[in-house]
Structures are given as structure tokens and as C-alpha cells.
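According to this note's numbering, the sequence shown holds residues 1 to 103 in order.
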Amino acid sequence: MYDMKDIEVASLSNKSPVDYASWLDDVFLHETTRKVNGDSTVLIENQLFDVPSVYIGIRVIVRYNPRTFEGTYLYDVSQKKKVPLKRTDRIENGKTRREEIIY
């Protein structure tokens, strides 16, 4: 006779172990809605994250781990895909050479 501890959870949920592991990771992430700034950044708990420029001015769903901010991603509802986000490196942005704009 099998005991419940002998049965893998993935087999009970009709998901493959890989899908189940990624689903389980997503369950414990915080989810918030933010509007992307004009400089293509999003502010989450006083941390700036770079977002692709196609999302400027649009409200987006951001999922993140509040302790480490690792694996932070933007969830695009229309295309049903995850877009990984990285923290804005202010030092590197300050050193980047830009073309001079003459008005």
C-alpha cells in the first residue's frame, strides 16, 4: 500500500516536474502593478529596474521576490510571456557617452 508521502506531488497535479517547479516558484513571488516611467524604468520598493522601451507609459504586472529581487520579471498579459528585469545600474548609466543634443 502506498502512503501519500511516496507519491510525487507533480504526478498528482498532472504537470511535469519542471512545470511544477516553475509554477511553485511563481506562487511565492509578490505581484504588483506599476506604470513604466518615461526613462523606461519601474520603481519597486525603492529599487529601480530597467524595462524594455516598448512598455513606456503602460501599466504592467511585475512579479518579484521581496527579499532578494532575484528573478524579477514583467509579465506581458497580451503575449503571455515573462520578460526578465534587471536593476538599474546608476553608476554605469552615468558613465555612458551620449551624443550631444543641439536645440
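Note that the Cβ used here is the ideal one computed from N, Cα and C, for glycine as well.
What is the C-beta distance between residue i and residue j, in whole angstroms, given that I count them as a contact (C-beta under 8 Å)?
i: L48; j: T88; result: 4 Å
i: G61; j: S40; result: According to the sequence provided, residue 61 is Ile. The question's Gly does not apply to it. Contact doesn't hold; Cβ gap of about 16 Å is too wide.
i: V42; j: V51; result: 5 Å
Would residue i and residue j qualify as a contact pair, given that the criterion is a beta-carbon distance under 8 Å?
i: K35; j: R67; result: no
i: L85; j: Y73; result: yes
i: R63; j: E31; result: yes
Where does residue i fall in DSSP's three states?
i: V60; result: strand
i: D39; result: coil
i: L29; result: coil
i: I101; result: coil
i: I91; result: helix
List the residues that DSSP assigns as beta-bridge partners of residue i.
i: T96; result: According to DSSP, T96 bridges with nothing at all.
i: D50; result: T41 and K86
Taking only heavy atoms of the ligand ADP into account, decide whether any of them is closer than 7 Å to the Cβ of residue i.
i: D25; result: You won't find the ligand ADP in this model; it holds no ligand whatsoever.
For residue i, would you say it is in contact with chain D, using Cβ-to-Cβ distances shorter than 8 Å as the test?
i: T68; result: Absence of chain D from the displayed structure is noted, only one protein chain being present.
Beta strand (DSSP E) runs contained entirely in the region 65-89, provided each spans 3 or more residues: Counting only runs of 3 or more, we get 73-76 and 81-84.
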